[in-house]
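Q: So that we are looking at the same thing, I have put the structure below in C-alpha cells.
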C-alpha cells in the first residue's frame, strides 16, 4: 500500500529525466530484475534505452516488452559479457552514435558460501563484473557527461555491502566498493552538472534471491527498487528503498557492534543456504583441534 502511494506521488513520470539528462539511457543487466525495471521506467519517461546482457534471446524478449508498452521510444540491445574487458569495450563501441545521458550499470554476479572454497574463475568474473565494469563505464560516460555539463549515473549496490556478511564476503566487498565509488562521485561530479546516486536495495524479488524467497523472507519488488533509484538522481547520493532496510542500515552503522551484525548474518545465511559448519574441506582439521592435547607421556596439556 505504501509503495503504491509512493509510486503515485513521485513515480518516474514526474521526474522529467529526458529533459534533465538527454534522449538515451544505457542499462546493463537490462533483461531482468532491477535493470529491466529501470529500463522500462526510463522508457515510460520517453527516454530511449540501450539494454545490455550476455544472452541475445533474453534481450530480445525484454526489448519487445518495453516496445509493446512504450511504442514511441527506441530500444536497442547489445549482447556483451561485461565480466570481461572485451565486453565493456564492445558495449562502449555500440554507443558511439548516440549521446548517452543516463547510465545504470546493474549487471552483477552473486557468489555465496565459504569464500576460500569459491571457484577462482568465477571469483575473477564477479570482481570484474561487479567492480571494474561499473567503474569503467562510470569513467567513460561520466567524462562525456561532464564535457556536456549534464548527465546521470545510477550505480547499484546492496545493503550487504554496508555490513560484514559472512558467506557473502566477495559479493559484499564488491558492493561496498560500488557504494563508496558512487557516494564519492556524487560529491565529485555535482559541480560538473553530473548527478550520481547509488541504489542500495535489500532483498529484492530477483533470480539471485530465490533461496531466500523460498523460505519466506520478505522482499521488495524490482519495480519499487528501480523507482527509488531513479527518484534519487539529483536529490541524494544514497537511496535505500524500504523503511525496514533503512532502519537495518542505521542499526548496522551506528548502533550495533560490527561483530553482532556479522553473527546475525551468519546465523540467518547458514539456515537459509544450509551452509555446512565446519566445511568438508576443513572438517578433519577442526575435529583435530577440538581434541584435548597431550604431552609425550599422555598427560593432558596443562596438568602437573
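Residue numbers (the working numbering): 15 to 318. Every residue gets a Cβ at the ideal spot worked out from N, C-alpha and C, and that includes glycine.
Taking one C-beta from the segment 220 to 233 and one from the segment 33 to 43 each time, how about it: are there three or more such pairs within less than 8 Å?
A: Result no; under three Cβ-Cβ pairs closer than 8 Å.
Q: If you follow the alpha helix (DSSP H) that residue 169 is part of, which residue opens it and which one closes it?
A: Taken as a continuous stretch (DSSP letters only), residue 169 belongs to no alpha helix (DSSP H), being part of the beta strand (DSSP E) at 165 to 170.
Q: What number of angstroms, rounded off, separates the C-alpha of residue 269 from the C-alpha of residue 141?
A: Their Cα atoms are separated by approximately 30 Å.
Q: Roughly how many angstroms separate the alpha carbons of residue 173 and residue 257, rounded to a whole number?
A: Distance between the alpha carbons of residue 173 and residue 257 is about 12 Å.
Q: Does any heavy atom of the ligand ZN sit closer than 8 Å to the C-beta of residue 88?
A: The ligand ZN is absent from the structure shown, which contains no ligands of any kind.
Q: Under DSSP, the beta strand (DSSP E) around residue 66 begins and ends at which residues?
A: Note, residue 66: beta strand (DSSP E), 62 to 67.
Q: Is residue 215 near residue 254, with beta carbons less than 9 Å apart?
A: Going by C-beta atoms, residue 215 is nearer than 9 Å to residue 254.
Q: Who are the near neighbours of residue 240 in its chain, counting only those whose CB is closer than 6 Å to its CB and skipping five residues on each side?
A: Within the same chain, residue 240 has close Cβ partners 48, 51, 52 and 55.
Q: Leaving out the 5 sequence neighbours to the left and right, which residues in its chain are closer than 8 Å to residue 160 when beta-carbon positions are compared?
A: Correct list, in chain order: 203, 206, 207 and 208.
Q: Let me make sure I understand the geometry here. Which of 94, 35 and 121 has the alpha-carbon closest to that of residue 108?
A: Taking only the C-alpha atoms, the option nearest residue 108 is 94.
Q: Around the Cβ of residue 110, are there at least 16 other Cβ atoms within 10 angstroms (buried) or fewer (exposed)?
A: By the 10 Å Cβ count, residue 110 comes out exposed.
Q: What is the DSSP secondary structure of residue 139, reduced to helix, strand or coil?
A: In this structure, residue 139 counts as helix in the three-state DSSP scheme.
Q: So the alpha helix (DSSP H) residue 298 belongs to, where does it begin and stop?
A: Run containing residue 298: 297 to 304, per the alpha helix (DSSP H) assignment.
Q: Would you identify the three-state DSSP class for residue 92, choosing helix, strand or coil?
A: Strand, per DSSP.
Q: Kindly confirm or deny that the segment 128 to 148 and the segment 181 to 191 touch, where touching means at least three C-beta pairs closer than 8 Å.
A: In short, these stretches touch, since the Cβ pair count reaches three.
Q: In chain order, which beta strand (DSSP E) runs of at least 3 residues are fully inside the segment 71 to 136?
A: Complete beta strand (DSSP E) runs here, min 3: 89 to 93 and 114 to 119.
Q: Is DSSP giving residue 218 helix, strand or coil here?
A: In this structure, residue 218 counts as strand in the three-state DSSP scheme.
Q: For residue 242, which residues from the same chain have a beta carbon less than 6 Å from its beta carbon, with the 5 sequence-adjacent residues on both sides left out?
A: Counting only Cβ-Cβ distances below 6 Å, and skipping sequence neighbours, we find 253 and 255.
Q: Count the C-beta pairs between the segment 32 to 39 and the segment 59 to 78 that are closer than 8 Å, then say yes if the count reaches three, no if not.
A: Yes, they touch.
Q: If you follow the alpha helix (DSSP H) that residue 199 is in, where does it begin and where does it stop?
A: Counting along the chain, the alpha helix (DSSP H) containing residue 199 begins and ends at 183 to 203.
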